[in-house]
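A short worksheet on the structure shown next.
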Amino acid sequence: MEKDKTLLSLQNISKDFYGNVVLSDVSFDVKRGEIIGLVGENGAGKTTLMRILFGMNVIRETGGYHGKVCIEGEEVHFQSPFDALDAGIGMAHQEFSLIPGFSTTENIVLNRESMRPTVFNDVFGDRMSVLDRADMKRRAAATIAKLGVDLDPDTLVSEMPVGHKQFTEIAREINREKTKILVLDEPTAVLTETEAEVLIKALRKLAASGIAIIFISHRLHEVIDVADRVVVLRDGVIVKDTPVAGVTVRDIASWMVGRQVTVERDEESVRSFTEDIFEVSHLWVDMPGETVKDMNFTVRKGEIFGIGGLAGQGKLGIPNGIMGLFPAGGDVKLHGKPVPLNEPRLALQMGMGFVSEDRRGVGLLLEESLEWNIAFTAMQIQNKHLKPVFGGLFKVRDEAAMRTLTQGYIDILHIKCTSGAQKAMELSGGNQQKVCLAKSFAIAPDLLFVSEPTRGIDIGAKRLVLDALHKYNRELGMTIIMVSSELEELRSICDRVAIVDEGRMTGILPPTADLAEFGLLMTGERVSKTSKGEAVNG
Amino acid sequence: MRSLKQFGADFGWPRIIIFFFLVALFFAAPAVGVRVDASLSDVFNRFGQNAFFVLALVPMIQSGCGLNFGLSLGIIAGLLGATLSVQCGLHGAVGFFGALVFAAPFAIIFGWLYGKLLNKVKGEEMTIAMYVGFASVMFMCIMWLLLPYTAPDMIWGYAGKGLRTTISVENYWFHILNKFGAIHFGQFFYFPTGEILFVIFGAFLMWLFLRTKTGTAMTAVGSNPDYARASGISVDKMRIISVIISTMLGAAGIIVYEQSFGFIQLYGAPLAMPFTAIAAILIGGASVKKASMLNVVVGAFLFQGLLTMTPSVINSWLQTDMSEVVRIVVSNGIIIYALTRKTKVSK
Amino acid sequence: MSGKRSFGRFLRENAVILLFLIITVAAIKPSGLSLVYIGQEMITRLGRDSFLVLALLLPIYAGMGLNFGMTLGAMAGQFGLILAINYNILGVNGLIFAALVSLPVSLLMGYVCGAVLNKAKGREMVTGYILAFFVNGIYQFVVLYMMGSIIPVRSRAIVLSRGYGIRNTLNLDSVRLSLDNLLAMHAGPFTFPIATFLVIAALCVFIIWFKKTKLGQDMRAVGYDMHVAEASGVPVDRTRIIAIIISTVLATIGQIIFMQNMGNMATYNAHDQTSFFAVAAILVGGASVKKATIPNVFIGVILLHVLFVVSPGAGQKLFGEAMIGEYFRQFIGYGVIALSLVLYAWRTRRETERLREGLRGGNMAAANAAAAAGEGEAK
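Taken in sequence, the protein lines are chains B, A and U. Those letters in the first sequence? Residues 2 to 539, by the numbering used here. Those letters in the second sequence? Residues 145 to 491, by the numbering used here. Those letters in the third sequence? Residues 297 to 675, by the numbering used here.
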């Protein structure tokens, strides 16, 4: 009867961002009391799908979506997250949306507090009602009991362990009377094992009470453990929608990463390398969202070493930590010499370069010209592009030299711009990325870190960027460590591909290895025995 | 038409209004019996007098420290230099440059300490700068009374110790710069060539500095500190350098001011000076994060123009002194405008 | 070990109060003033200044920092007093009239101030400070030029000799001490302005009650984290404006209370130092930019003003110059504000770093454990 009622129905959802298709004909249903495990790589479309479901502004601002979202059989058009909340959809985010100075109770009932009207209401409005704290506590306790966790209603959120914050966040969502569907985005990411078990039990309890749950996670064994059905998204399309019974972790992993097209590699032969240039041992990096816990690997001179993995697992923390942008510790050696950590200047002076994944935030001076951007690091670290004036009394920017330098890169990398004097913020994403590359090429590093080199760039520009990296590697012998969430691009130009999960390297594979293997390493299901850095053959 | 609107939005309608207001005043002047040549002369003189203060704001804006409400510290260093110069009985050019030389070490030390403090409070620099400035001025008030100055021109006659509120430099280095190559046009027009040349020299040095490796790094720090850090630049070090330079220029500024104005003003005088300099540079088109030499020159000129013209024209016209009100509304209004501008988020 | 650390923390968190206490107590003896005199001054000033300082509480509560824009409210109150004197309304009725007349102006000022501060998020304190100067210009324009000319003034005695504009000093005899004396109580050598204290107590009760309302809770949420509050549907901008409006109205009433005790009003300067004294007082009392309680207000008023009272005498005795005492007062006032702001900014950064280190520490332990396990397996 009620048990099988369809609460949420997504029908033929499609979405593109200015021509770039992100979701294509996505349809699935969620029944009352069902737990759906939603699985997919980065860029598969999970986040966009959830944003559509939650009525976020960014969807409307970029052209809306096609298809229908139906709640309990009726089509809905959410104009804002508040509409979604009203319709009964709750979402617990990865970064908690809690007020640190408030207690558990206050957070759970935030902006839905129990109130008693006062005389002032007539004149000054509803907000002059007095809070009924006893009732608030009662409601909060009821919700906590519904979850079945051990939370103290009076503790301040700022003094709670991380796991409890997660529970409070979820409690807030289900405290809303209307909540019928709960979306959880990587809920166990910050939990210890015991806390994760408690959460899974709580979710089962919730589902039993009739709430439908969409559980997004990359921890496949958890998905199999708790979900009734698993839905796999890949490249914006649903590739599998099946009950969990009988499905193995390996199955899901291969659905997640499997592709129809074969990988194009420029050279068939496997290159061999003689010496090690770079050794990393027990590296940890405190980069919020991309924490590195214990990384060990070795890179050979002249190779293109790829580092992949799902978002938030720590791969981006590696170059940021080594180049001194975030606190780090451990042992890093370049050419056998120890690399001092937490020192951006020294890292650069030793001959390493870094193209950051945060193009606009770290990689560019948006309001300055391309000439400034490209010549800057070389000027500051290597004293290039300066000319003496007044008989050597001062050294000022050699604008002519900067112009020549920039024009050179505009030609080599085909940077589309009006001239070197154009402001960086006016270029397209792809061309901005080329400027960032040029900045690093200009210091001629021995070892170049590139993070997410083709993120947000169209196909044509992607090819050019990868070709440029390929060229510098082959012609100048520049060793490249490439960090990317796009497995395909890693497999297309790297000599070896390492996979990172939960702050550690789970394995290193040759680019031609079976896709399922990559998938398993990404989801932490398989930790290769030789994760210390030797290539795995077959 | 759209580009005109864009220009207006970028440049700021308040600035455009102020510009036209000033032009209108110049046109109205003869009609109410105010001599244009005397007014122009006044404007140039006051421009030269105050330009260094406005220039002093540039380094800290460029390095991301915001508007230097604590310019009083530099002014105090300059006052120490000037009083020491008079104490030593130095006259003429020696006196003027002596004041600069004496002020320099104070300016560097104050700037360094002030810079270290600002580094510890990133994000709330402006309010703290204001109050550190005020507290320092008050502290110096106590010092002016206690320090062992002895030159009879400077101390209170009857008490025998403690510096006077205003000290005349008439016998020392009054107009030492202004006189240099001054141009007279008739009875009312006097162009202080030496002073203007000195200002141009200062602006030129600043322009040159901003083009050096360090100056380039400093601009990057203000423009995007993460970018600068990723390129190996020490954000803290650049900020301290900008504060020291700003303080030194403030010190030089008050000495230039004194040689033109004719008096060394101690005690509470430095309290209001940072605000006028800040209003000037903002009127010239600078923002909280970016300032150029053009902003300095245009701003100082417009602001001093307003201060000169408004009292004389409006007073002659309305037979009443509304200059104070206009000054307060204009200078504070432009600062509020700058503070409430959203820093545009680029694509 | 932990005992030592918590003592250090106690010192750091109450550095300002302790410093002040030491300086004040040290200055009492040299000032030559009797304890009775000092005691009476404390009582009088508590009555005179507390209301103004209490006006600062709600903006701090709502995360907007120290409301230097309270001067706008003070100016509105002065405007009301001018009109009360103009219509020659005596005693407490005069005060009530002044408050009622200034109310619309005060509400408008509060709204403008709140709206401007919303446009300058992250720079509220500087903007509020400059806004006070700006509106001061408008106040001068109205009071110095429009009153008596465009705005009719009945009582020519308060007008400047030139025919328009209010006099520089306004005699407030008609309402002088009207509130203070309404219920004055004498106990020994001391006189207590009970009526004033009752008004202040009423405000305290209001504030305590207000924090229990939904609006109060919303302000608190906004004060902690604007983004989370907004995501939960709290109207952040509106809530902030309401906080400023309330603060401005309270400053208006506070300034009227202040003036009735002073007895005469420097028309163009009385409000110049209002925010400075109020902010210095609350900071001396132990408040910070993010947190202020009612006890902070009273402790601060007492400490600050005792120091202000004894400084000139102490300056004279110790240095032979009364002016030094005067400058010292100002120096301490500005210095305490600067110190509090610095301590607050410094402490906030250290808190964030300490939180991050805590997270990292966890990672380190996990990392080392895993490394050890990994080593064992690989072998």
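Positions of the beta carbon are idealized from the N, C-alpha and C atoms, including for glycine.
* To do: With DSSP collapsed to three states, give me the class of A:V178.
  => Taken through DSSP and simplified to helix, strand or coil, A:V178 comes out as coil.
* Identify the contact partners of B:I100 in chain U, using a Cβ-Cβ distance below 9 Å as the criterion. => Simply R516, A517, Y520, D521, V524, A525, S528.
* Asked: Quick one, are the C-beta atoms of U:F347 and U:G550 less than 8 Å apart?
  -> Yes, they are a contact pair.
* Using a C-beta cutoff of 8 Å, does A:D297 count as contacting chain B? -> No Cβ of chain B is located within less than 8 Å of the beta carbon of A:D297.
* Counting pairs of Cβ atoms below 8 Å between the region 348-368 of chain B and the region 418-427 of chain B, do you hit three or more? -> Because the criterion of three Cβ pairs below 8 Å is met, the region 348-368 of chain B and the region 418-427 of chain B touch.
* Contact under 8 Å by Cβ, B:T507 with B:G478 -> Between B:T507 and B:G478, the gap from beta carbon to beta carbon reaches 8 Å or more.
* Asked: Between which two residues does the beta strand (DSSP E) harbouring A:F329 extend?
  -> From DSSP, the beta strand (DSSP E) with A:F329 extends over 327-329.
* Residues in the region 397-429 of chain U having any Cβ partner in chain C nearer than 8 Å -> Absent from the structure: chain C. Protein chains present are B, A and U.
* **Boundaries of the beta strand (DSSP E) in which B:H67 is found, first to last residue** => Counting along the chain, the beta strand (DSSP E) containing B:H67 begins and ends at 67-72.
* Of all the residues that make up the region 104-123 of chain B, which are near chain U by a beta-carbon distance shorter than 7 Å? -> So the list reads L111, N112, E114, M116, given in the order they occur along the chain.
* Give the secondary structure of B:T193 by DSSP, where H, G and I count as helix, E and B as strand, and everything else as coil. => B:T193: coil per DSSP, three-state reduction.
* Exposure label - B:G126; buried when at least 16 CB within 10 Å -> Exposed, because fewer than 16 other Cβ atoms sit within 10 Å of the Cβ of B:G126.
* Asked: If contact means a Cβ-Cβ distance below 7 Å, which residues of the region 367-380 of chain A contact chain B?
  -> Cβ contacts with chain B come from S367, N368, D370, Y371, R373, A374, S375, G376, I377.
* Asked: Of all the CB atoms in chain U, is at least one closer than 8 Å to the CB of A:G192?
  -> Chain U places no beta carbon closer than 8 Å to that of A:G192, leaving this residue out of the contacts.
* Whole-number beta carbon distance between A:R485 and A:A404, since they are thought to touch under 8 Å -> The question names Ala, but residue 404 of chain A in the sequence shown is Ser. Not a contact, Cβ separation roughly 33 Å.
* Name the residues in the region 337-364 of chain A whose C-beta lies less than 8 Å from a C-beta of chain U; which are they? -> Taking 8 Å as the Cβ-Cβ cut-off against chain U, none of the residues of the region 337-364 of chain A qualify.
* **A:W300 (DSSP reduced to helix, strand or coil)** => A:W300 sits in coil when the DSSP states are folded into three classes, being neither helix nor strand.
* To do: Per DSSP, which residues does U:A483 bridge with? Please list them.
  => Beta-bridge annotation (DSSP): U:A483 is paired with U:F486.
* Asked: In terms of DSSP beta bridges, what is A:L307 paired with?
  -> Looking at the DSSP assignment, A:L307 forms a beta bridge with A:I299.
* DSSP state of A:W317, grouped into three classes? -> Reduced to three states, the DSSP call for A:W317 is coil.
* Interface partners of U:T509 on chain B, CB under 9 Å -> In chain order, M116, T119, F121, R128, M129, S130, V131, L132 make up the part of chain B whose C-beta sits under 9 Å from the C-beta of U:T509.
* To do: Ignore the nearest five residues each way along the sequence and tell me which others in U:A662's own chain have a CB closer than 7 Å to its CB.
  => Confidence at U:A662 is low in this model, with a pLDDT of 47, below 50, so its placement is unreliable and the value that follows should be read with caution. Excluding sequence neighbours, U:A662 sits near nothing in its chain.
* Asked: Excluding the five sequence neighbours on either side, which residues of its own chain have a C-beta within less than 7 Å of the C-beta of U:M297, listed in chain order?
  -> Model confidence at U:M297 stands at a pLDDT of 47, short of 50, so the residue's coordinates are unreliable and nothing is read from them.
* Note down, one range per segment and in chain order, each alpha helix (DSSP H) of at least 4 residues found wholly within the region 159-191 of chain B. => Segments of the alpha helix (DSSP H) lying fully in the region 159-191 of chain B: 163-176.
* Identify which residue in B:G38, B:I37, B:K47 has its Cα closest to the Cα of B:S25. => Selection B:G38, B:I37, B:K47 evaluated against B:S25 yields B:K47 as nearest (Cα-Cα).
* Asked: How long is the line joining the alpha carbons of A:T356 and U:A634, rounded to whole angstroms?
  -> Going by the C-alpha atoms only, they are around 35 Å apart.
* To do: Mind reading off the beta-carbon distance from B:L448 to B:F216? Whole number of angstroms is fine, and I expect it under 8 Å.
  => In this structure B:L448 is not in contact with B:F216, their Cβ atoms being roughly 40 Å apart against a cut-off of 8 Å.
* Asked: Is the Cβ of B:F327 closer than 8 Å to any Cβ of chain U?
  -> Judged by the 8 Å Cβ criterion, B:F327 is not in contact with chain U.
* Tell me, please, whether the CB atom of B:P341 is closer than 8 Å to any CB atom in chain A? => No, because no Cβ of chain A sits closer than 8 Å to the Cβ of B:P341.
* Indicate whether at least one CB of chain U lies closer than 8 Å to the CB of A:Y275. => Yes, its Cβ sits closer than 8 Å to a Cβ of chain U.
* B:M2 to B:R33 span [Cα, whole Å] -> Unreliable placement is indicated for B:M2, whose pLDDT of 43 sits below 50; the coordinate value is still reported in the next sentence. Near 11 Å, if we compare the C-alpha coordinates of B:R33 and B:M2.
* Identify every run of the beta strand (DSSP E) within the region 545-572 of chain U, keeping only runs that are complete inside it and at least 3 residues long; order them along the chain. => Taking only runs of at least 3 residues, the beta strand (DSSP E) segments lying wholly in the region 545-572 of chain U are 560-562.
* On the premise that U:Y441 lies in contact with U:G706, defined as a C-beta separation below 8 Å, what is that separation, rounded to the nearest angstrom? -> This structure gives no information on residue 706 of chain U, because the portion of chain U shown stretches from 297 to 675.
* By the 10 Å Cβ neighbour count, where 16 or more other Cβ atoms means buried, how is U:T548 classified, buried or exposed? -> U:T548 is buried by the Cβ-count criterion.
* Residue from U:L354, U:I356, U:F375 whose Cα sits closest to the Cα of U:I552 -> The shortest Cα separation from U:I552 among U:L354, U:I356, U:F375 belongs to U:F375.
* Between which two residues does the beta strand (DSSP E) containing B:F279 stretch? -> 277-286 is the span of the beta strand (DSSP E), which, as asked, contains B:F279.
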